[in-house]
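Asks: Residue numbers (the numbering used here), protein chains in the order written: chain A, 2 to 307; chain B, 6 to 266; chain C, 33 to 378. We put the CB at the ideal spot given by N, CA and C, even for glycine. A quick note: this is a predicted structure, and the numbers were derived from the prediction, not measured.
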Amino acid sequence: MAKDLILATTRSIAKETGARKRTGLFGIGLRNTFPLFPLLIFLSIFFLWPIGAVFVNAFKNNDGSFTWANYQLLFQAPYNRAFYNSIRLGFISALVGAIPGALIAIAIQQRGSVRLKKLIASISGVLANTGGVPLAFMFLAAFGPEGLATLTLKAIGLDLYGHGFTLFSFWGLVIIYSYFQIPIMVIVFTPALDSLRREWRDAAHNLGASNTQFWLRVGIPLLTPSFLASFLLLFASGFSAFATARAMTVGNIALVPLIIGTLLDGNVTVNQFNLGYALAMGMIIVALLAMIPYLVIQARTSKWQR
Amino acid sequence: MAALKKRSFSQSLSIILLILIGILIALPLIGATEFSLRDGGRAKHNFHSYTWIFKQEDFFINATTTFEIALVALLVTFILMVPTVAWLHIYGKKYIRFVEIITVLPLIIPVVALATGAQLALPGWLQSTKYVLSMMYVVLAMPFTFRALDIGMRGVQLEVLVAAGRNLGASWRAVILKVITPVILPSIFAALFLTVALSLGEFTLAQLLHWNTFPTWVAVAAQGNILGATALSVGSLLAAWLLLFSFTFFDRKKTNHQEAA
Amino acid sequence: MTSNTLQITGLSRRFGNVLALDDFNLSLGKGELVALLGPSGCGKTTALRIVAGLEREDSGQVILGDRDITNVPAHQRNMGMVFQAYSLFPNLTVEENVAFGLQMRKVDKAKRMKKAHELLDLVGLDSQSKRYPHQLSGGQQQRVALARALAFEPDVLLLDEPLSALDAQVRANLREEIRRLQLSLGTTTLFVTHDQEEAMAISDRVGVMSHGKLEQIASPDTLYNSPATAFVAGFVGTMNRIVTKLSQGNVTIFGKSVPAKSTGFSDGDVIALLRPEKVVIAQESRSPNATVITRSFLGAASQITCRTQDGNIIQSLMPSYESGELHPGSQVTLSTTQEEVLIAHV
């Protein structure tokens, strides 16, 4: 539900971008845009100002002087390790989410029944927004030593704990993250599938293409940008997740959100505070590196999607 | 549908796939549900654990806190977003694109980073009230609330209705009460619903800014009673689904109306 | 070996409770342009899609030349199809789109591009060959679609309401272009539309359909002048419907007795069908039987709407230069030159 709103946003941005020339916003007198001020002011206070503060303070020393030191620390242990882990977590959870998610979306689209689609949409909507603590507890319950999932798997021969499995690990997190990554993928990728017009399929068949040839020459090329974009979204989601990671790791995995959390709790020496801002800034940069291509791809592909 | 008679292969493949993944997804949920229904071991099953959360001492105060935060977020969203988006549609169409872009920004920035910034930047007096969370939630929800309102107003072409109303002689008060509000009510509900849903479940910001809200409290309280915690998680999931299903049905009736017209 | 290129026999198709096609039969001769005309839901598109292989039939056969292609998959039928809109592949350029059919037939790149450009030239869009579909207008896209469908020299050309999504002016131009191309290439063509003007303007024969059945198939002339059923009469062109009485093979129209095509009708109330151009308006007369209500100037002709004394609303079509004296309120005498009148049940 959340992510298809973004899709729709970028789609309409593309429409407007393609349709008219840029309007000089500030050329129009301030009086005309007066009603926008409350919104702009609100966003400035509660969004732009915090971000700006993070950006600025990451460059500061304890005494307030300018320094690159905080940013430099990011490239050293243990922080570079943390970034590596977070990026790896984002990437792998995105992969684990994107492929099954895409397959589900394709399978559902083919089956066709409207009721099924609505059902899946609702289920995905709720699961996609399930995160943090509830999710952690559910998995702990199901996959705990006495959990039903564990026992079921044991029954078919897979003794999880016998093999040293634990949810409190990197891969445990990947498994748990997939619970919201897959639904997000279904939600975000389905519109791309829907936009695969029936006429293209029919036309391809009519022109002599078999199913395989259609997918090879038309279907997959058309879906690839959207798949990529969705993947990026999943990456950002996995990279930035905080609550679940916090619930599931007991300090054994270094992840950037967790370190920032620790620093904000104040359990550290004073001069590490500015480091927290550098870390936050690092997160923002990584997220931007993923989300900006995402928005660009979405804007471009929506041009011929409708 | 190239080979009319040979569809079965890819069709059955997709069915198998769906079922397989369906099982994988259902497994944790079923496992968790089963766990939550236990009463001291796998022998007995009842809804015992579902009442646990309500019996906790701090339940009421934390639930109330979150409720209040959500309420304020709802009010601020309503006062801030609805008139602004309405104005954009009636008078400021050329600015919509710009506002769209800036309201997407909160989605791009990781919440952790935003929390860091909020703690750093916002003045002490602001941070000492729990309603600072409300404000932040309004920001977090903004991409969705803006979109909900925008789509709704676009769908009914608000500017045309307002022009018609004015042309027929309605005062601005009448236009707001009798033309704008009834027509975009579903969108307003959608936007407010989104805000409340977000506020009720938000953990990261509340945790990092050291506030005791329902989600943060549950995280701690649940450490001691995993049965109860699981019951709560499963329960809230099911409740969310119920709400969403009923919302979809309610929504569908409305859109059918509009489409028929 | 039959000279009929395309033969459709006994086609039936049901969707749920709805019988979309009911024992549909049609034969197309080589190089013929046949239109399937009818309102939405009459089954014309279903029939077309079954011929194309994009839809399954419940029963019936499709025979191309001497080959039964009923069970042949769509991509092996060698038919070119133009859809209503949006059928060009967005990820391919115009020339790549047009060459696609040849590519599927393993024609090498140089040859297929050459052919693609030939066809693009035929539709006047060679200059756009390197563009992408979304950069073209609706009319241009449809012309590219046409070029694409014809590039591999299909046995049959199928058109599914190709002009419905276009502006009126573009529509008129493009339908002439379709006919021109079809004639010069000699391609057997089946053309589905709900616009009777379109169908009548360019087709060799038109099949009027209703509720899954073919009501009549004939040349446009025959369809217009000798409609077989009341539905065809009403659907093709405009028709006046006059409530009157049938008695001994005659009906009364404008006070005069006129013979009626009355086989299968018994005496009593019937509806007489009369074309507007068969209604003659006499302006000066001693015993007027109608009053003019409106006069619509349509260019060369004008449409005059009158109310008769017994309450019927009649439309008459006459050359504009003869209608100058008529205005709302004029008293006129209506009569008809129709020798035998078609009637329908009340």
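Start and end of the alpha helix (DSSP H) containing Q110(A)?
Replies: For the purposes of this step, residue 110(A) is identified with residue 109 of the first sequence, where counting begins at 1. It spans Y80 to R112 - the alpha helix (DSSP H) in which Q110(A) sits, taken as one unbroken run.
Asks: Can V77(B) and T209(B) be called in contact, C-beta distance under 8 Å?
Replies: In the second sequence, counting from the first residue as 1, residue 77(B) sits at position 72. In the second sequence, counting from the first residue as 1, residue 209(B) sits at position 204. No, they are not a contact pair.
Asks: Determine whether the beta carbon atoms of N67(B) and N172(B) lie at a separation below 8 Å.
Replies: For the purposes of this step, residue 67(B) is taken as residue 62 along the second sequence, with counting starting at 1. For the purposes of this step, residue 172(B) is taken as residue 167 along the second sequence, with counting starting at 1. Their beta carbons are not under 8 Å apart, which means N67(B) does not touch N172(B) by this criterion.
Asks: Spatial neighbours of R152(B) within its chain, please: C-beta separation below 6 Å, excluding the five flanking residues on both sides.
Replies: Position 147 of the second sequence, counted from the first residue, corresponds to residue 152(B). There are no such residues.
Asks: Is T221(B) helix, strand or coil when you go by DSSP?
Replies: Locating residue 221(B) in the second sequence gives position 216, where the first residue counts as 1. Of the three classes helix, strand and coil, the one that applies to T221(B) here is helix, per DSSP.
Asks: Which value, in whole angstroms, describes the spacing of the CA atoms of Q16(B) and L117(A)?
Replies: Walking along the second sequence from the start, residue 16(B) turns up at place 11. Walking along the first sequence from the start, residue 117(A) turns up at place 116. Going from the Cα of Q16(B) to the Cα of L117(A) covers about 16 Å.
Asks: Based on DSSP bridge pairs, tell me the residues matched to N272(C).
Replies: Stepping through the third sequence from its first residue, residue 272(C) is reached at position 240. In the DSSP output, where bridge partners are listed per residue, N272(C) has L306(C).
Asks: Expressed to the nearest angstrom, what Euclidean distance is found between the alpha-carbon atoms of G283(A) and V297(A)?
Replies: Along the first sequence, read from residue 1 onward, the residue named residue 283(A) stands at position 282. Along the first sequence, read from residue 1 onward, the residue named residue 297(A) stands at position 296. Distance between the alpha carbons of G283(A) and V297(A): 21 Å.
Asks: Show which residues of chain A have a CB atom less than 9 Å away from the CB atom of H107(C).
Replies: Position 75 of the third sequence, counted from the first residue, corresponds to residue 107(C). Result: A205, H206, N207, L208, G209, A210, S211, N212, Q214 and F215.
Asks: Starting from L149(A), trace the alpha helix (DSSP H) in both directions and tell me its first and last residue.
Replies: Indexing the first sequence from 1 puts residue 149(A) at position 148. Taken as a continuous stretch (DSSP letters only), the alpha helix (DSSP H) holding L149(A) covers L149 to A156.
Asks: Give me the chain B residues within the contact set of F43(A), using Cβ-Cβ distance strictly less than 7 Å, ordered along the chain.
Replies: Numbered from 1 along the first sequence, position 42 holds the residue referred to as residue 43(A). Simply L85.
Asks: Could you check what DSSP says for H377(C) in three-state terms: helix, strand or coil?
Replies: Residue 377(C) sits at position 345 when you count from the first residue of the third sequence. Looking at H377(C) - three-state DSSP - the assignment turns out to be coil, as it is neither helix nor strand.
Asks: Indicate the three-state DSSP secondary structure (helix, strand or coil) for P291(C) in the structure shown.
Replies: Here residue 291(C) refers to the residue found at position 259 when the third sequence is read from its first residue. In the structure shown, P291(C) sits in a strand (DSSP, three-state: E or B).
Asks: Exposed or buried, T69(B), counting other C-beta atoms within 10 Å across all chains shown (16 or more means buried)?
Replies: Mapped onto the second sequence, residue 69(B) falls at position 64. Per the 10 Å Cβ criterion, exposed.
Asks: Could you tell me the boundaries of the alpha helix (DSSP H) in which A70(A) lies?
Replies: In the first sequence, residue 70(A) corresponds to position 69, counting from 1. A70(A) -> alpha helix (DSSP H) spans A70 to L74.
Asks: Say whether chain B places a C-beta atom closer than 8 Å to the C-beta of G173(A).
Replies: Counted from its first residue, the first sequence places residue 173(A) at position 172. No, G173(A) does not count as interfacial toward chain B.
Asks: Just the Cα atoms here: how many angstroms apart are M158(B) and G174(B)?
Replies: Your numbering for residue 158(B) matches position 153 in the second sequence. Your numbering for residue 174(B) matches position 169 in the second sequence. Going from the Cα of M158(B) to the Cα of G174(B) covers about 22 Å.
Asks: Taking Cβ positions only, does L223(A) come closer than 8 Å to chain C?
Replies: Sequence index remark: in the first sequence, residue 223(A) carries index 222 (1-based). L223(A) counts as touching chain C.
Asks: Taking the beta carbon of V115(A) as the centre, do at least 16 other beta carbons fall within 10 Å, making it buried, or is it exposed?
Replies: As a position in the first sequence, residue 115(A) is number 114, starting the count at 1. When all chains shown are included, V115(A) counts as exposed.
Asks: For E247(C), name the three-state secondary structure that DSSP assigns.
Replies: To locate residue 247(C), count along the third sequence from 1; it is residue 215. Note: E247(C) maps to strand in three-state DSSP.
Asks: Classify T235(B): buried if its beta carbon has 16 or more other beta carbons within 10 angstroms, exposed otherwise.
Replies: As a working mapping, residue 235(B) is identified with position 230 in the second sequence. That one is buried.
Asks: Please list the partners that F190(A) has in chain B, where partner means a Cβ-to-Cβ separation under 7 Å.
Replies: For the purposes of this step, residue 190(A) is taken as the residue at position 189 of the first sequence. By Cβ distance, chain B contributes nothing, its closest Cβ being about 14 Å from F190(A), past 7 Å.
Asks: Counting along the chain, where does the beta strand (DSSP E) carrying A333(C) start and finish?
Replies: Taking the first residue of the third sequence as 1, we reach residue 333(C) at position 301. Counting along the chain, the beta strand (DSSP E) containing A333(C) begins and ends at A333 to T340.
Asks: With I95(C) as the anchor, note down where its alpha helix (DSSP H) starts and where it stops.
Replies: Start at 1 with the first residue of the third sequence, and residue 95(C) comes out as number 63. Careful: I95(C) lies outside any alpha helix (DSSP H), inside the beta strand (DSSP E) at S91 to L96.
Asks: Does chain A have any CB closer than 8 Å to the CB of M158(B)?
Replies: Here residue 158(B) refers to the residue found at position 153 of the second sequence. False, the Cβ-Cβ gap to chain A never drops below 8 Å.
Asks: By the 9 Å beta-carbon criterion, what residues does the segment 108-119 of chain A contribute toward chain C?
Replies: Residues passing the 9 Å Cβ filter: none.
Asks: Would you kindly check if the distance between the Cβ of A95(A) and the Cβ of F232(A) is under 8 Å?
Replies: In the first sequence, residue 232(A) corresponds to position 231, counting from 1. In the first sequence, residue 95(A) corresponds to position 94, counting from 1. A contact, by the Cβ cut-off of 8 Å.
Asks: Quick one, which of G361(C), Q341(C), T326(C) and D342(C) has its alpha-carbon nearest S348(C)'s?
Replies: Position 316 of the third sequence, counting from 1, holds the residue named residue 348(C). That would be T326(C), whose Cα lies nearest to the Cα of S348(C).
Asks: Please confirm whether W50(A) has its beta-carbon closer than 8 Å to some beta-carbon of chain B.
Replies: In the first sequence, residue 50(A) corresponds to position 49, counting from 1. Answer yes: the Cβ-Cβ gap between W50(A) and chain B drops below 8 Å somewhere.
Asks: Using the beta-carbon of each residue, which ones in chain C are nearer than 8 Å to R198(A)?
Replies: Along the first sequence, one-based indexing puts residue 198(A) at 197. By Cβ distance, chain C contributes Y118 and S119.
Asks: Measure the alpha-carbon distance for L110(B) versus R199(A) and round it to whole angstroms.
Replies: The residue labelled residue 110(B) in the question sits at position 105 within the second sequence. The residue labelled residue 199(A) in the question sits at position 198 within the first sequence. Looking at the two C-alpha atoms, the distance is approximately 34 Å.
Asks: Helix, strand or coil, according to DSSP, for T24(A) in the structure here?
Replies: Position 23 of the first sequence, counted from the first residue, corresponds to residue 24(A). Residue placement at T24(A) is flagged as unreliable, the pLDDT there being 44, under the threshold of 50; a coordinate-derived value is accordingly withheld.
Asks: Examine chain B for any beta-carbon lying closer than 8 Å to the beta-carbon of M139(A), and answer yes or no.
Replies: Position 138 of the first sequence holds residue 139(A). By this cut-off, M139(A) is an interface position.
Asks: Just verifying my parser: in three-state terms, what is the DSSP assignment at N379(C)?
Replies: This structure cannot speak to residue 379(C), because chain C is shown only from 33 to 378.
Asks: Does the beta carbon of P194(C) come closer than 8 Å to any beta carbon on chain A?
Replies: To locate residue 194(C), count along the third sequence from 1; it is residue 162. False, the Cβ-Cβ gap to chain A never drops below 8 Å.
Asks: Looking at the strands, I want to know which residues DSSP matches up with V364(C).
Replies: Residue numbering aside, residue 364(C) sits at position 332 when the third sequence is read from its first letter. Bridge partners of V364(C): A322(C).
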